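First the structure, in the form of structure tokens, and then the observations on it.
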Amino acid sequence: MTDFAHTRSQFHLPDGLVYLDGNSLGPLPVAARARIAGLLDDEWGEMLIRGWNEAGWMAMPEHVGERIGRLIGAGSGTVVTGDTLSIKLYQALAAALDLRTGRRIVLSDHGNFPSDLHMARGLMHTLGRGHELRLVAPEAVTQALDDTVAVLMLTEVDYRTGRLHDMAELTRAAHAAGALTVWDLAHSAGALPVDLEGADADFAVGCTYKFLNGGPGAPAFIYVAPRHIDRVTPVLAGWLGHEAPFAFDLDYRPGPGIARMRVGTPSIPGLAVLDAALEVWEGVSISDVRARSVELSETFIHEVERRCPALELVSPRNAHRRGSQVTWRFAGACSFMQALNDRGVVGDFRPPDMMRFGITPLYLDAGDIMRAARVMETLMTERGWDRSRRTGTMT
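Remember, the working numbering sits 35 above the position in the sequence shown when you count from 1.
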């Protein structure tokens, strides 16, 4: 069994704060301080450029990718880290479209993260091959799959509502229609069990600053199924994705395996902090994390509905259809969330009227959940969130 008291001790959490915003930015892992100090003093400071070899900097994208792979059901040599989630999505979608040249539709849903949709449209415009982005309601995805669809591109957990797609079921449906899949795991990795190999997923991407606690702007990751990797020609043919980067060859030859999905020089400080953050997962069962997340979420929903009936639950009531967050709708959501943050309970606001709360058992417990519910009740009773006494916006 996972010792959640121990995992909690591995994070820096400000005194008196209930932090329910780990689905936007995870808190600081205690181990990150020593790791970044060692990088600055012992590696960069003393080794200088020799750190690329002597400190293993050059291999960091694959090393950290292996650690993430174990959390998302990916086999060895199928995940690499670096760049941003938007860049990795661009790479994955371009690769998938190249494998389905006879089709022109990229299918997604209205719940997908806007940046994913922006990147998809930008890519399609650049390619100039007549591709079209088709958006449907989340529950209508299966019915929209047909022989015109090249790629099904979805975020597994809806960033606003927490609605959870069935990856295995939708991947089977996409393959039956002759399409490939690109999954965004931004709100999945580190929050719930993911089995990319078991689901037969084609491509997956994700960020690491949310439930993986890699810090603001932490490097993203990309997964490519083994059956595709040697057929993929990267649309972003960066020098570190080259077969022999230090040959400085003017002609591009993609590197072996997942290494070809590297682009430019990696951020070593970012990777070092992420690597330290992943140490928290040693001895932790993702199934235990999911079970505790469901338990805490169910308690939160029960308590908030009992204490604050004016709030409308937006997240699916069925825990098996919900990621590791709970979202409420309320006309005064922005002001209410500001007031809640002022009283030491941190969540976030999404326009026009949604309040999101991330449920992260690595550092949250039942006491935190109960305190949050009590503070919400007090605010509602006292109208401490009233717009007439509060100004500004919440981002």
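Built from N, CA and C at the ideal position, the CB exists for glycine as well. Just so it is clear, the structure is predicted and the values come from calculations on it, not from any experiment.
Span of the alpha helix (DSSP H) around residue i
| i | result |
| --- | --- |
| T42 | F39 to S44 |
| F335 | I321 to R342 |
| G393 | Element bounds for G393: not the alpha helix (DSSP H) but the beta strand (DSSP E), M389 to G393. |
| A294 | A294 -> no alpha helix (DSSP H), and no H or E assigned at all. |
| L124 | L120 to D133 |
| T161 | P149 to L162 |
| V99 | M95 to G104 |
| I71 | V65 to G73 |
| D50 | Per DSSP, D50 belongs to no alpha helix (DSSP H) and is neither H nor E. |
| D231 | With the sequence shown as reference, residue 231 is identified as Leu, and Asp is not the correct amino acid for it. Start and end: L231 to A234. |
| L375 | A368 to D377 |
| V176 | V176 to A179 |
CA nearest to the CA of residue i, picked from the options
| i | options | result |
| --- | --- | --- |
| L142 | V315, H47 and A175 | A175 |
| V240 | D400, I107 and F392 | I107 |
| D388 | G402, E412, E78 and A345 | A345 |
| L168 | T161, A155 and Q178 | A155 |
| L313 | P49, A90 and V99 | V99 |
| R195 | N58, L215, V324 and N248 | N58 |
| G137 | R352, I84, V192 and L215 | L215 |
| D383 | E101, G110 and L55 | L55 |
| L275 | R266, L309 and R295 | R295 |
| R135 | R352, H210 and A67 | H210 |
| L162 | L132, E191, A94 and G73 | L132 |
| A67 | G250, W87, P301 and G358 | G250 |
| H200 | D181, L375, G213 and P228 | P228 |
| Y120 | M202, P149, I140 and D230 | The amino acid occupying residue 120 in the given sequence is Leu; Tyr does not appear at that position. Of M202, P149, I140 and D230, the residue nearest in Cα terms is P149. |
| V192 | E417, E412, T362 and M415 | T362 |
| T395 | D235, G91, N376 and G358 | G358 |
| R364 | D38, N376 and S350 | S350 |
| L375 | L247, R352, E412 and S44 | E412 |
| A129 | N248, S302, A326 and I264 | I264 |
Assigned secondary structure, residue i (DSSP; H/G/I helix, E/B strand, else coil)
| i | result |
| --- | --- |
| W218 | strand |
| G241 | strand |
| G86 | helix |
| S7 | This structure cannot speak to residue 7, because the chain is shown only from 36 to 430. |
| V308 | helix |
| S423 | The predicted position of S423 is uncertain, since its pLDDT is 38 and thus under 50; a value taken from the coordinates is nonetheless stated next. Three-state DSSP puts S423 in a helix. |
| M36 | coil |
| Y398 | coil |
| E167 | strand |
| R418 | coil |
| D383 | strand |
| T430 | Note that T430 scores 35 on pLDDT, short of 50, meaning its location in the model is unreliable; the coordinates nonetheless yield the value given after this. In the structure shown, T430 sits in coil (DSSP, three-state: anything other than H, G, I, E or B). |
| V361 | strand |
| H200 | coil |
| E347 | strand |
| V315 | helix |
| V115 | strand |
| P251 | coil |
| P269 | coil |
| P289 | strand |
Euclidean distance between Cα positions of residue i and residue j
| i | j | result |
| --- | --- | --- |
| D144 | R356 | 16 Å |
| V319 | A40 | 12 Å |
| R503 | N147 | The question about residue 503 has no answer, for the chain in this structure spans 36 to 430. |
| R378 | V410 | 8 Å |
| D76 | F281 | 27 Å |
| F283 | F256 | 25 Å |
| L189 | G104 | 19 Å |
| T428 | V114 | Its pLDDT being 38, under 50, T428 is placed unreliably by the model, and the measurement read from it follows with that caveat. Rounded to whole angstroms, T428 to V114 spans 38 Å at the Cα level. |
| G233 | W79 | 40 Å |
| G157 | Y125 | 9 Å |
| G61 | D286 | 41 Å |
| F371 | F392 | 13 Å |
| M82 | A279 | 24 Å |
| V329 | L399 | 12 Å |
| A366 | D421 | 11 Å |
| R164 | A185 | 13 Å |
| G290 | G51 | 50 Å |
| T97 | A221 | A small fix is needed here, since residue 97 is Glu in this sequence, not Thr. Distance between the alpha carbons of E97 and A221: 19 Å. |
| G405 | V381 | The sequence given here places Met at residue 405; Gly does not occur at that position. About 14 Å. |
Terminal residues of the beta strand (DSSP E) in which residue i lies
| i | result |
| --- | --- |
| D144 | I140 to D144 |
| I257 | F256 to V259 |
| T190 | V184 to T190 |
Distance between beta carbons of residue j and residue i, contact taken as under 8 Å
| i | j | result |
| --- | --- | --- |
| E338 | A408 | 4 Å |
| T268 | A253 | Contact flag wrong, Cβ pair sits at about 27 Å. |
| S332 | A354 | 7 Å |
| A311 | P64 | 6 Å |
| R70 | V308 | 6 Å |
| D182 | A212 | 6 Å |
| L397 | T42 | 4 Å |
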